[in-house]
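Chemist: Have a look at this one before I ask anything.
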Amino acid sequence: MKLGILFSGRGSNLGALIDACADPDYPAEIVIAICNNPNASGIATAEKAGIPLQIINHREFESRDTFDAALDVTLKEAGVELVCNAGFMRILTDGFVSSWHNRQLNIHPSLLPAFKGLHVHERVLTAGVRISGASVHFVRAEMDEGPIIAQVAIPVELDDTPESLAERVLACEHELYPMAVRLVAEGKARVQGERVIIEGDPDMKAAPLFIPPLGK
Ligand code: GRF
832 MKLGILFSGR GSNLGALIDA CADPDYPAEI VIAICNNPNA SGIATAEKAG IPLQIINHRE
892 FESRDTFDAA LDVTLKEAGV ELVCNAGFMR ILTDGFVSSW HNRQLNIHPS LLPAFKGLHV
952 HERVLTAGVR ISGASVHFVR AEMDEGPIIA QVAIPVELDD TPESLAERVL ACEHELYPMA
1012 VRLVAEGKAR VQGERVIIEG DPDMKAAPLF IPPLGK
């Protein structure tokens, strides 16, 4: 399956997907990475890996519609079949989202539907929840909403700071995103009534939620 990755910053999830796609047995390849921020450090990650890269600076467009139209054309020209948002910090128009319906994924560093939006780890610690994690879901018009494909859960430690929690969650994201993309690329994650059904390989029954050992 041909992937188009949208990112805005550090690009560590882009890096995780690049690494996954380097395995000849992985059922997807990155045909383009698009970054809206010319100063993003993740640009170097794409360049180093030799991934086709386009910088489409949203500031050079007069409206969200024209920016999203440029994204859409670039993705289509590259032959993209599945769009993967990986730390993409722009709100997409309803038109863009509906034209990639069930063909666009996002990763979010919480156990959705809890803690949508920004400053997740601060809010997790303030709320005092004992378990946090990350989710990969199909994109819908509302931010961080849509059918959930896979989640990872990790314990929140008593002495966690937003930074320490973010670091542990991010390490899990790097396993979760390639796993979720694999499920979609192999046709094993199917949307049925706004829930995702995982089918096929019986081993995959346990895949949508994985809980790493304590302390990881
Ligand atoms: C990740 O935590 C992801 O879940 C969120 O934005 C962050 C992006 O990190 N959507 P990176 O740019 O992939 O390192």
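In the numbering used here, the protein residues as written are 832 to 1047.
Every residue, glycine too, gets a C-beta built ideally from N, C-alpha and C.
Can residue 940 be considered in contact with ligand 1, in the sense that its beta carbon sits closer than 8 Å to one or more heavy atoms?
Modeler: The residue labelled residue 940 in the question sits at position 109 within the sequence shown. Yes; taking the cut-off as 8 Å, the Cβ of residue 940 has a heavy atom of ligand 1 nearer than that.
Chemist: Can you find a heavy atom of ligand 2 that lies under 8 Å from the Cβ of residue 1027?
Modeler: Only ligand 1 can be found as ligands here, which leaves ligand 2 out of the picture.
Chemist: Please confirm whether any heavy atom of ligand 1 lies closer than 8 Å to the CB of residue 1004.
Modeler: Along the sequence shown, read from residue 1 onward, the residue named residue 1004 stands at position 173. Residue 1004 Cβ: within cutoff of ligand 1.
Chemist: Going by beta carbon distance, what residues of the same chain come within less than 6 Å of residue 898, once the five residues before and after it are set aside?
Modeler: Position 67 of the sequence shown, counted from the first residue, corresponds to residue 898. Contacts found: 889, 892.
Chemist: Give the DSSP-derived three-state secondary structure of residue 922 in the structure shown.
Modeler: Translated into the one-based positions of the sequence shown, residue 922 becomes position 91. Note: residue 922 maps to coil in three-state DSSP.
Chemist: Give a yes or no on whether 9 Å exceeds the smallest Cβ distance from residue 841 to chain D.
Modeler: The structure shown contains no chain D; it is built from a single protein chain.
Chemist: Using 8 Å as the threshold, is the segment 970 to 987 in touch with the segment 937 to 956, meaning 3 or more CB pairs across them?
Modeler: yes
Chemist: Terminal residues of the continuous beta strand (DSSP E) containing residue 977?
Modeler: For the purposes of this step, residue 977 is taken as residue 146 along the sequence shown, with counting starting at 1. Careful: residue 977 lies outside any beta strand (DSSP E) and carries neither H nor E.
Chemist: To the nearest angstrom, how far is it from the Cα of residue 1001 to the Cα of residue 900?
Modeler: Taking the first residue of the sequence shown as position 1, residue 1001 is located at position 170. Taking the first residue of the sequence shown as position 1, residue 900 is located at position 69. Taking the straight line from one Cα to the other gives about 31 Å.
Chemist: Just checking residue 948 against ligand 1 - is the residue's beta carbon closer than 8 Å to any of the ligand's heavy atoms?
Modeler: Residue 948 sits at position 117 when you count from the first residue of the sequence shown. False, no ligand heavy atom lies under 8 Å from that Cβ.
Chemist: Using the beta-carbon count (16 or more within 10 Å), is residue 957 buried or exposed?
Modeler: As a position in the sequence shown, residue 957 is number 126, starting the count at 1. Residue 957 is exposed by the Cβ-count criterion.
Chemist: Identify whether residue 873 lies in helix, strand or coil by the three-state DSSP scheme.
Modeler: One-based indexing of the sequence shown puts residue 873 at position 42. Residue 873 sits in a helix when the DSSP states are folded into three classes.
Chemist: Going by C-alpha distance, which of 911, 916, 937, 971 is nearest residue 926?
Modeler: In the sequence shown, residue 926 corresponds to position 95, counting from 1. Here the closest residue by C-alpha is 971.
Chemist: With 16 other CB atoms within 10 Å as the buried threshold, where does residue 883 fall?
Modeler: If you number the sequence shown from 1, residue 883 lands on position 52. Its Cβ having fewer than 16 others within 10 Å, residue 883 is exposed.
Chemist: Could you pull out every unbroken beta strand (DSSP E) segment of at least 3 residues lying fully inside the segment 947 to 1023, listed in chain order?
Modeler: Fully enclosed beta strand (DSSP E) runs of 3 or longer: 962 to 969, 979 to 986, 1020 to 1023.
Chemist: Quick check on DSSP: helix, strand or coil for residue 844?
Modeler: On the sequence shown, residue 844 is found 13 positions in, with the first residue counted as 1. It is helical.
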